[in-house]
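Undergrad: Sequential numbering of the sequence shown, starting at 1, is according to the UniProt record's numbering. C-beta atoms are modelled at their ideal positions from N, C-alpha and C, and glycine is treated no differently. After the structure tokens below, expect a handful of questions from me.
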Amino acid sequence: MTFESFAQNAEDVLAERCFGSTAAGVYVDVGASEPTRHSVTYALYRRGWRGINLEPIPERAEENEALRPRDITIRAAAGRSEGQARFFQSLGRGGTSTIVAELGAAMKARAVGVVEFTVPMTTLARCLEEHFPGRQEYELLKIDVEGAEADVLAGAGLSFVRPMVIVIEAGFEPPAWEAALLDQDYAFATFDGVNRWYHSHARKDFGEALRAPISAHDKFVRVNDLGSPFLNGLHPDHAWAAQIGLTLLRSVREIDDETLARSFLDRYPEWVRKRAPSDRDVVAAYRLVLARKPTAREQNDALDSFGTKSLQELYLALVGGDEFRARRGRAIASV
């Protein structure tokens with residue numbers, strides 16, 4: 001059977017090599033981000049595993065709660081002690097968000113869109129003690145925290161509750177925190193181009209499985225490569241997506257403009273929806289709502305009209321416009 005990989009760098013393929021025969025394991029996903037897209041642990045969740053997802057970005061935490069109800073989603077950052085931390089959320093999907101002040105300042109200096117707010121701070125040891133009491137070992141710890149790795153590991157309680165395998169997003173050169181991890185009776189296995197992989201000395205059998213390069217022998221397909229389930233007739237969810245699309249299209253006639261506009265804006269955090277739109281925002285709005293690029297005149301008119309207003313007002317105007325209404329009316333008439 002072909003394995004379906006959801007992870008950005010096929011990290012779940014390496015996890016599958018180690019744990020393919022484990023029906024109901026446990027993972028801890030620190031910096032979980034999106035629940036399915038590019039997730040290192042979603043393939044394990046689909047197999048019946050469960051675990052803890054730590055995710056301080058509110059929108060991402062909500063998505064995890066909705067799509068992975070068997071998991072425990074904690075809306076917090078992980079560190080060496082409990083308390084609070086300043087969090088720097090990057091614009092877009094939040095992939096470079098961090099609690100490291102220097103990195104947050106660097107993003108601002110590069111004119112990267114950043115919003116700063118306070119989030120709860122907890123430790124992995126506390127999370128495991130609360131949600132998996134008495135457990136001394138679990139299968140997988142994944143860490144993606146943009147510079148805060150040392151603090152996460154310091155609070156992980158590795159001396160009394162031990163992951164068999166640890167995968168940490170980090171560079172090729174051994175980072176400063178690695179020596180402390182090796183002192184905790186872990187061995188470095190491999191660098192996969194994005195992450196550094198470790199296994200406990202008690203699980204030396206995993207070393208060979210992790211070191212071998214991913215290849216055609218792993219018999220896997222990247223879900224990202226399948227394309228849109230609406231457009232690709234060979235996508236395994238094509239029939240389901242088509243039916244859902246028809247159902248939603250029929251329901252559009254009963255949905256008010258404000259609700260429709262909000263559905264297009266769900267991908268954005270609240271602070272982005274409330275700010276004035278940029279050139280790129282206008283192009284994205286036209287592509288999403290009308291499935292085309294704006295003309296030069298439309299681009300200028302949108303910036304003139306909404307330059308001192310909000311992104312959500314731009315979307316509401318497009319949804320309430322003649323072109324969207326005409327498209328909606330014709331589409332509804334044909335289903």
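Just mark residue 201 as buried or exposed, buried being the case when its beta carbon has 16 or more other beta carbons within 10 Å.
TA: With fewer than 16 other Cβ atoms within 10 Å, it is exposed.
Undergrad: Which first and last residues belong to the alpha helix (DSSP H) in which residue 214 is found?
TA: From DSSP, residue 214 is part of no alpha helix (DSSP H); its letter is neither H nor E.
Undergrad: So, under 8 angstroms CB-CB, residue 91 and residue 272 are touching, yes? Tell me the CB distance rounded to an integer number of Å.
TA: About 7 angstroms; that satisfies the 8 angstroms criterion.
Undergrad: Please classify residue 213: is it buried, with 16 or more other beta-carbons within 10 angstroms of its beta-carbon, or exposed?
TA: Residue 213 comes out exposed.
Undergrad: Write down the C-beta distance between residue 73 and residue 146 rounded to the nearest angstrom, noting that I regard them as a contact closer than 8 angstroms.
TA: Residue 73 to residue 146, Cβ: 19 angstroms. No contact.
Undergrad: Between the region 13 to 26 and the region 171 to 184, are three or more C-beta pairs nearer than 8 angstroms?
TA: Verdict: no, contact absent.
Undergrad: Can the beta-carbon of residue 136 be found less than 8 angstroms from the beta-carbon of residue 160?
TA: Yes, these two residues count as a Cβ contact at 8 angstroms.
Undergrad: Which same chain residues end up closer than 6 angstroms to residue 222 when comparing Cβ atoms and leaving out the 5 residues on each side of it in sequence?
TA: Only 5 meet the Cβ criterion.
Undergrad: Can you grab the Cα-Cα spacing for the pair residue 295 / residue 277, in whole Å?
TA: Residue 295 and residue 277: Cα-Cα distance of roughly 16 angstroms.
Undergrad: So, do the region 33 to 40 and the region 49 to 64 have three or more beta carbon pairs nearer to each other than 8 angstroms?
TA: Output reads yes: the region 49 to 64 touches the region 33 to 40.
Undergrad: Who are the near neighbours of residue 245 in its chain, counting only those whose CB is closer than 8 angstroms to its CB and skipping five residues on each side?
TA: Same-chain partners within the cutoff: 230.
Undergrad: Which complete alpha helix (DSSP H) runs does the region 222 to 305 hold, if anything under 4 residues is left out?
TA: DSSP runs (the alpha helix (DSSP H)) wholly in the region 222 to 305: 238 to 251, 257 to 265, 270 to 274, 279 to 290.
Undergrad: Does the Cβ of residue 335 have 16 or more other Cβ atoms within 10 Å, making it buried, or fewer, making it exposed?
TA: It counts as exposed.
Undergrad: Return the first residue and the last residue of the alpha helix (DSSP H) that residue 101 is part of.
TA: Counting along the chain, the alpha helix (DSSP H) containing residue 101 begins and ends at 101 to 109.
Undergrad: Ordered along the chain, which non-local residues of its own chain (more than five positions away) have a Cβ less than 7 angstroms from that of residue 126?
TA: If we look at residue 126 and ignore the five residues flanking it on each side, its Cβ neighbours are 82.
Undergrad: Please work out which residues of its chain come closer than 8 angstroms, Cβ to Cβ, to residue 360, disregarding the five sequence neighbours upstream and downstream, and give them in chain order.
TA: Nothing can be reported for residue 360, as the shown portion of the chain is limited to 1 through 335.
Undergrad: Does residue 206 come out as helix, strand or coil in the three-state DSSP assignment?
TA: In this structure, residue 206 counts as helix in the three-state DSSP scheme.
Undergrad: In terms of residue numbering, what span does the alpha helix (DSSP H) encompassing residue 154 cover?
TA: Here the alpha helix (DSSP H) through residue 154 covers 149 to 154.
Undergrad: Could you check if residue 243 is buried or exposed, using at least 16 other CB atoms within 10 Å of its CB as the buried criterion?
TA: Per the 10 Å Cβ criterion, exposed.
Undergrad: Report all residues from its chain with a CB closer than 7 angstroms to the CB of residue 194; omit the five preceding and five following residues, and keep chain order.
TA: Within the same chain, residue 194 has close Cβ partners 9, 169.
Undergrad: Is residue 88 buried or exposed, if buried means 16 or more other CB atoms sit within 10 Å of its CB?
TA: Residue 88 is buried by the Cβ-count criterion.
Undergrad: Can you tell me the Cα-Cα spacing of residue 158 and residue 198, whole angstroms?
TA: Each residue's Cα considered, the two are about 13 angstroms apart.
Undergrad: Near residue 264, which residues of its chain fall below 8 angstroms by C-beta distance, leaving aside the five closest residues on each side in sequence?
TA: So the qualifying residues of the chain are 285, 288, 289, 315, 319.
Undergrad: Does the beta-carbon of residue 206 have 16 or more other beta-carbons within 10 angstroms, so that it is buried, or is it exposed?
TA: Answer is buried; the Cβ neighbour count reaches 16.
Undergrad: DSSP beta-bridge partners for residue 89?
TA: Its beta-bridge partners are 115.
Undergrad: Please give the ranges of any beta strand (DSSP E) in the region 12 to 70, keeping only runs that are unbroken, at least 3 residues long and fully inside the region.
TA: Whole beta strand (DSSP E) segments, 3+ residues: 26 to 30, 50 to 54.
Undergrad: For residue 1, count the other beta carbons within 10 Å of its own beta carbon; 16 or more makes it buried, fewer makes it exposed. Which is it?
TA: Burial call: exposed.
Undergrad: Does the beta-carbon distance from residue 80 to residue 55 come in below 8 angstroms?
TA: No; because the gap between Cβ atoms is not below 8 angstroms, this pair is not in contact.
Undergrad: CA-CA distance, residue 113 and residue 105?
TA: Near 11 angstroms, if we compare the C-alpha coordinates of residue 105 and residue 113.
Undergrad: Look at residue 49 and residue 13 and say whether their C-beta atoms are less than 8 angstroms apart.
TA: It is not a contact, given that the beta carbons lie outside the stated cut-off.
Undergrad: Using a threshold of 8 angstroms, state whether the C-beta atoms of residue 166 and residue 138 are closer than that.
TA: No; because the gap between Cβ atoms is not below 8 angstroms, this pair is not in contact.
Undergrad: Measuring straight from C-alpha to C-alpha, what distance separates residue 143 and residue 149?
TA: So the two alpha carbons sit approximately 7 angstroms from each other.
Undergrad: Pick from 86, 118, 78, 41: whose alpha carbon is nearest that of residue 64?
TA: Minimum Cα distance to residue 64 is reached at 41.
Undergrad: Would you give the residue range spanned by the beta strand (DSSP E) that residue 82 belongs to?
TA: Looking at the DSSP string, residue 82 is not in any beta strand (DSSP E), and its letter there is neither H nor E.
Undergrad: Drop a sphere of 10 angstroms on the beta-carbon of residue 353, count the other beta-carbons inside from all chains shown, and report buried for 16 or more, exposed for fewer.
TA: Look at the range of the chain in this structure, 1 to 335, and you will see that residue 353 is not part of it.
Undergrad: By Cβ distance below 7 angstroms, which residues in the same chain neighbour residue 151 in space, the five residues on each side in sequence not counted?
TA: Cβ neighbours of residue 151 beyond the five flanking positions: 79, 80.
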